[in-house]
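Participant:
Numbering (the working numbering), first residue to last: 703 to 989.
Put into structure tokens, the structure is as follows:
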């Protein structure tokens, strides 16, 4: 195996890792603040992909559709939180979990009805077709774009959490929600905004990957399992853990695929088992 082949696969791992980072960051934000395990997260990933493809068929402009798609799905997430999940706060802790699990199947069936059982294709925009010269190798422009988007999203979330008043509430809420409520802060509104942000991140992930993989109704079911693996490896509710674990999982899958393509998914479960056996709560988890 040449050094060039290894470097190429490592950068492919970074592009895949950027998707995992955004997916896991959304899951971690929602769980860290609201203690809701969102099993519908993969469905919003799928909806983001399908919304992008559908909007492109109407508008034709990839860039506008890439921005609009996660915004629309994020708004859908807010409506679901307000109308479905919020009334379940204070009830049995499994109720939100069961609701999101049910929503997962509802969304998949709706997409099957609207778009059919088969996949819907999407193409890479012409501006991002071809290769980019990184100096030491040529790399697909679109995958490099995915890496840049992932890095930009991580930076913006970091700014949101550490440099805004809402972010301050989010950080405090992950430590002690009751204390934040006692200070007179509208925690429910913050929960709603964070839920919408987490859903928008899932939708952006799906929209970004659609031109490479295409879309199928079940694509979110596969991704959400891997995203949960990332969250567990990084530590439940840890944003920093989601970043490190997302990149790590992307690299493990990419490098494993270089030697034995059938074992990529198996490798991340082995990695998760090793990390849990050694750290108990993930790389950045508490406990």
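Glycine included, each C-beta is placed from N, C-alpha and C at the ideal position.
All of these numbers come straight from a predicted model, not from anything done at the bench.
In this structure, what does DSSP give as the bridge partners for residue 841?
Facilitator: If you number the chain shown from 1, residue 841 lands on position 139. According to DSSP, which records beta bridges pairwise, residue 841 is partnered with 834.
Participant: Please report the residue range of the alpha helix (DSSP H) in which residue 750 lies.
Facilitator: As a working mapping, residue 750 is identified with position 48 in the chain shown. It spans 743-761 - the alpha helix (DSSP H) in which residue 750 sits, taken as one unbroken run.
Participant: Exposed or buried, what is residue 837 when buried is set at 16 or more other beta-carbons lying within 10 Å of its beta-carbon?
Facilitator: For the purposes of this step, residue 837 is identified with residue 135 of the chain shown, where counting begins at 1. Its Cβ having fewer than 16 others within 10 Å, residue 837 is exposed.
Participant: Under 8 Å, do residue 735 and residue 893 count as touching if we go by C-beta distance?
Facilitator: Here residue 735 refers to the residue found at position 33 when the chain shown is read from its first residue. Here residue 893 refers to the residue found at position 191 when the chain shown is read from its first residue. Annotated as proximal: residue 735 and residue 893, with beta-carbon spacing under 8 Å.
Participant: Shortest alpha-carbon distance to residue 729 belongs to which of 930, 920, 960, 792?
Facilitator: As a position in the chain shown, residue 729 is number 27, starting the count at 1. Out of 930, 920, 960, 792, 930 has the C-alpha closest to the C-alpha of residue 729.
Participant: Could you give the distance in angstroms between the alpha-carbon of residue 843 and the alpha-carbon of residue 886?
Facilitator: The residue you call residue 843 lines up with position 141 of the chain shown. The residue you call residue 886 lines up with position 184 of the chain shown. For residue 843 and residue 886, the distance between alpha carbons rounds to 49 Å.
Participant: For the alpha helix (DSSP H) that contains residue 956, what are its first and last residues?
Facilitator: The residue labelled residue 956 in the question sits at position 254 within the chain shown. In the DSSP annotation of this structure, the continuous segment of the alpha helix (DSSP H) that includes residue 956 starts and ends at 941-961.
Participant: Going straight from the alpha carbon of residue 964 to that of residue 866, what length do you get?
Facilitator: As a working mapping, residue 964 is identified with position 262 in the chain shown. As a working mapping, residue 866 is identified with position 164 in the chain shown. If I take the Cα positions, the gap works out to 44 Å.
Participant: Express the C-alpha separation of residue 811 and residue 753 in angstroms, rounding to a whole number.
Facilitator: Position 51 of the chain shown, counted from the start, is the residue given in the question as residue 753. Position 109 of the chain shown, counted from the start, is the residue given in the question as residue 811. C-alpha separation (whole angstroms): 15 Å.
Participant: Distance, Cα to Cα, residue 707 vs residue 951?
Facilitator: Numbered from its first residue, the chain shown carries residue 707 at position 5. Numbered from its first residue, the chain shown carries residue 951 at position 249. Looking at the backbone, the Cα of residue 707 and that of residue 951 are separated by about 19 Å.
Participant: Are there 16 or more other CB atoms within 10 angstroms of the CB of residue 975, so buried, or fewer, so exposed?
Facilitator: The count along the chain shown starts at 1 and reaches residue 975 at position 273. Counting the other CB atoms within 10 Å of its CB gives residue 975 a total below 16, which places it among the exposed residues.
Participant: Output the distance between the C-alpha atoms of residue 835 and residue 846, rounded to the nearest integer angstrom.
Facilitator: As a working note, residue 835 is residue 133 in the chain shown. As a working note, residue 846 is residue 144 in the chain shown. Their Cα atoms are separated by approximately 10 Å.
Participant: Going straight from the alpha carbon of residue 739 to that of residue 877, what length do you get?
Facilitator: Position 37 of the chain shown, counting from 1, holds the residue named residue 739. Position 175 of the chain shown, counting from 1, holds the residue named residue 877. Here the C-alpha atom of residue 739 lies approximately 17 Å from the C-alpha atom of residue 877.
Participant: How about residue 969 and residue 955: do their beta carbons lie closer than 8 Å?
Facilitator: Along the chain shown, one-based indexing puts residue 969 at 267. Along the chain shown, one-based indexing puts residue 955 at 253. Yes, the pair counts as a contact, with Cβ atoms nearer than the cut-off.
Participant: Distance, Cα to Cα, residue 911 vs residue 925?
Facilitator: As a position in the chain shown, residue 911 is number 209, starting the count at 1. As a position in the chain shown, residue 925 is number 223, starting the count at 1. The straight-line gap from Cα to Cα measures roughly 11 Å.
Participant: Is it true that the CB of residue 915 sits closer than 8 Å to the CB of residue 755?
Facilitator: Position 53 of the chain shown, counting from 1, holds the residue named residue 755. Position 213 of the chain shown, counting from 1, holds the residue named residue 915. In this structure, residue 915 does not lie closer than 8 Å to residue 755 by Cβ.
Participant: Please report the straight-line C-alpha distance between residue 741 and residue 800, rounded to a whole angstrom.
Facilitator: Taking the first residue of the chain shown as position 1, residue 741 is located at position 39. Taking the first residue of the chain shown as position 1, residue 800 is located at position 98. Cα-Cα distance, rounded: 8 Å.
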